[in-house]
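In my numbering, the protein residues as written are 1 to 321.
Glycine included, each C-beta is placed from N, C-alpha and C at the ideal position.
Now the structure itself:
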């Protein structure tokens, strides 16, 4: 197990290194010069000022030399300075990361709390009216575009009914979680409604497969109650592929948060990535995208480590543990 985890950590480091270089190249290829964008609002700026700024930010050096300097500094915890916000990158990024993890964590918890019982209920009564109704709800949720759903929620609950705020993290000066809770409702609802359908379908398919297995028939033949057979035996085995989907989808949710955070002006990583890319702020975009990649890798590693706990038949001996 130790060697397996060490191997996966080494793979993650290699992926992060490759991603950092690819993102640097792609950001360099984007149209527009960052220094010209900085000086666009200053009519008194001269070509000499532009040259000094390029030298200050290292933009007058070749790509490989710039990347080498960034990597050398990043290895000791210095991720550079934001040209847009005039602050160190980590000072901007860490609060945004906390806001995004709060949003995604709440959305994921609510999604699983709804999708698991719905999927199990549909699997126990396949092709009945309840299963058909749940499938219709799932397909509707999968088909609705995230931005359209966000707009609909804002128009209904913020504009027409005025029950909830349409945007932001909380009221001015409000620090308590109870004051921020209403601001979380619509973004979480937008992410949850868009993902419940997919998860319910996964749970339904996994549970239908498990409920047809011989060990379920044996458990029922021994006289075990239906609730114990379904929730303690079948669902435990069905959870293994679901854990993989959750780990993979968490990274996708991180990307999907870009739309949701932009629509609800939620100050998280998605909106930060969008603003930094549009503003050609390489240092912020690079580190923010690497954090998004790291989240996906960590989710996959957690899923692998969870397998052995869910199913004792799975071990990592084949990986040299």
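Would you call residue i buried or exposed, if buried means 16 or more other Cβ atoms sit within 10 Å of its Cβ?
i, result
"residue 69", "exposed"
"residue 260", "buried"
"residue 46", "exposed"
"residue 223", "exposed"
"residue 98", "exposed"
"residue 215", "exposed"
"residue 129", "exposed"
"residue 296", "buried"
"residue 249", "buried"
"residue 178", "exposed"
"residue 302", "exposed"
"residue 28", "exposed"
"residue 239", "buried"
"residue 266", "buried"
"residue 218", "exposed"
Are residue i and residue j touching if we call contact CB-CB under 8 Å?
i, j, result
"residue 203", "residue 242", "yes"
"residue 355", "residue 110", "The structure shown does not extend to residue 355, since the chain is modelled only from 1 through 321, so no value can be given for it."
"residue 161", "residue 287", "no"
"residue 247", "residue 300", "yes"
"residue 284", "residue 294", "no"
"residue 167", "residue 21", "no"
"residue 120", "residue 235", "yes"
"residue 339", "residue 191", "The first residue shown for the chain is 1 and the last is 321, placing residue 339 beyond what the model contains."
"residue 268", "residue 100", "yes"
"residue 35", "residue 63", "no"
Quick one: what does DSSP say residue i is sitting in, helix, strand or coil?
i, result
"residue 43", "coil"
"residue 187", "helix"
"residue 81", "strand"
"residue 320", "Here the model assigns residue 320 a pLDDT of 45, short of 50, so the residue's position is not dependable, and the following value carries that caveat. Coil at residue 320, not helix or strand."
"residue 88", "strand"
"residue 54", "helix"
"residue 30", "coil"
"residue 167", "coil"
"residue 271", "helix"
Below 8 Å on the Cβ atoms is my guess for residue i versus residue j; work out the distance and round it to an integer in Å.
i, j, result
"residue 337", "residue 83", "In the structure displayed, the chain extends from 1 to 321; residue 337 sits before or after that span and is not available."
"residue 39", "residue 49", "7 Å"
"residue 30", "residue 290", "So it is not a contact: roughly 17 Å between Cβ atoms."
"residue 325", "residue 157", "The first residue shown for the chain is 1 and the last is 321, placing residue 325 beyond what the model contains."
"residue 279", "residue 194", "With 8 Å as the limit, residue 279 and residue 194 do not qualify as a contact, their Cβ atoms being about 28 Å apart."
Cutting at 6 Å between CB atoms, please list the residues of its own chain near residue i, excluding the five before and the five after it.
i, result
"residue 320", "At residue 320, the pLDDT of 45 sits below 50, so the modelled position is not reliable; the number obtained from the coordinates is stated separately. Counting only Cβ-Cβ distances below 6 Å, and skipping sequence neighbours, we find 3."
"residue 281", "82, 83, 84"
"residue 118", "134, 200"
"residue 276", "284, 285"
Looking only at its chain, what residues have a beta carbon closer than 7 Å to the beta carbon of residue i, apart from the 5 residues adjacent to it on each side?
i, result
"residue 208", "123, 126"
"residue 88", "81"
"residue 116", "203"
"residue 139", "197"
"residue 16", "290, 293, 294"
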